[in-house]
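Just so you know, we're using numbering that gives the first Met the number 0 here: the sequence shown kicks off at 0 and counts up by one.
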Amino acid sequence: MSARKRRVVVPSPRPTAAREIQLIDRVEEIGFLREAADRAVRGEGGVVFLHGEAGIGKTRLARELGAYARSQGMQVLSGRCPALFRMDGVPPYVLWEEVIKDYLEVCTPEQLFRVIGSYPIEVSKLVPELKQKLRTFPQSFPLSPEHSRDRLFEAVSQFITNISKEAPLLVILDDLQWTDQSSLLLLHYLARGVYKESLLILGAYRDTYVDEKHPLSPVLTELNRERLLQSVPLKRLSFDDVSEMIERILEQDDVAREFCELV
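Shown next, in the form of structure tokens:
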């Protein structure tokens, strides 16, 4: 790790019963994700998306990568579109609001001051709680109103990349199929610079929800066209894999085939 990296205390994940059960038939996917995290630690960041149907194991794999990243000294932040917004409409930039709030829960005011970047006022528009923790803002340079979105994109991009300069960073963005277009456009903006940072962005979405009219679709097209995205499709587990998983969960051998078929 270079001399410019600062020591950052990374909170350990709380143990859960689910974490104690080994993932079944995802060895290749886990290996791929760990290699991506290792590259980010070396300053070779990237963007990886997990996709598949509901319940296929995307969130579980993301948690597994988060645990591995912490074991390698990485910071882990996450964001997702809360379920309550699905019926009432999704606020703009909700993903990144969640990520920034996640960081505010663990950082000190001194750390926040170091990473806030050139446009703290713009970041605080997304997360007003930032003002309470920082109190004194660094100088913010005004830009013309027509450039307000570009300024916000640059503000959040600086903020996230500066966090990764303190210690390598994994950002997990779950349920991308529910999120807003503004969050996705900001993700695309940030993705263009991650390859030279100690920053890995892991996204996950239900591909059965994403058709050509979905706001995620053009973002996927552009990320692929610019060769900024690595995709990991998740397929259904085989019957034998499901049986093995049930036996491990129940801590029993030879669970009845009829029961496994119901699952």
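Here a beta-carbon is modelled for each residue, glycine too, at the ideal position from N, C-alpha and C.
Exercise. With distances taken between CB atoms, is the gap from D173 to A203 smaller than 8 Å?
Worked result: yes
Problem set entry | Separation of F136 from R113, as counted between CA atoms | 11 Å
Problem set entry | Pairwise C-alpha distance: I29 and E63 | 8 Å
For this session: Figure out for me which residue from L228, S77 and A166 has the closest Cα to the Cα of G42.
Result: A166
Problem set entry | Proximity of S181 and F48 at Cβ, strictly below 8 Å | no
Problem set entry | Pairwise C-alpha distance: I115 and R157 | Note that residue 157 is Gln in the sequence shown here, rather than Arg. Approximately 7 Å, taken between the alpha carbons.
Exercise. With burial defined as no fewer than 16 other Cβ atoms inside 10 Å of the residue's Cβ, what is the status of H187: buried or exposed?
Worked result: buried
Exercise. In chain order, which alpha helix (DSSP H) runs of at least 4 residues are fully inside the segment 157 to 197?
Worked result: 180 to 190
Problem set entry | Reduced DSSP secondary structure (H/G/I, E/B, other) of F112 | helix
Problem set entry | Selection from L129, P81, L32 and I120 that minimises the alpha carbon distance to E109 | L129
For this session: Apply the 10 Å Cβ neighbour rule to H50 and answer buried if 16 or more other Cβ atoms are within range, or exposed otherwise.
Result: buried
Problem set entry | Own chain residues within Cβ distance below 6 Å of Y92, not counting five before or after | L125, S181 and S182
For this session: Below 8 Å on the Cβ atoms is my guess for L175 versus A61; work out the distance and round it to an integer in Å.
Result: Going by Cβ atoms, the distance from L175 to A61 rounds to 11 Å, so no, they are not a contact pair.
Problem set entry | Best match in G54, G88 and V170 for proximity to V98 [C-alpha to C-alpha] | V170
Exercise. Taking the alpha-carbon positions, what's the K75 to L168 distance?
Worked result: Contrary to the premise, residue 75 reads as Val rather than Lys in this sequence. Approximately 6 Å, taken between the alpha carbons.
For this session: Pull up the distance between the alpha-carbon of Y102 and that of S163, whole angstroms please.
Result: 12 Å
For this session: Determine the burial state of G45: buried for a count of at least 16 other Cβ atoms within 10 Å of its Cβ, exposed for fewer.
Result: buried
For this session: Report yes if the CB atom of R148 is closer than 8 Å to the CB atom of E121, and no otherwise.
Result: no
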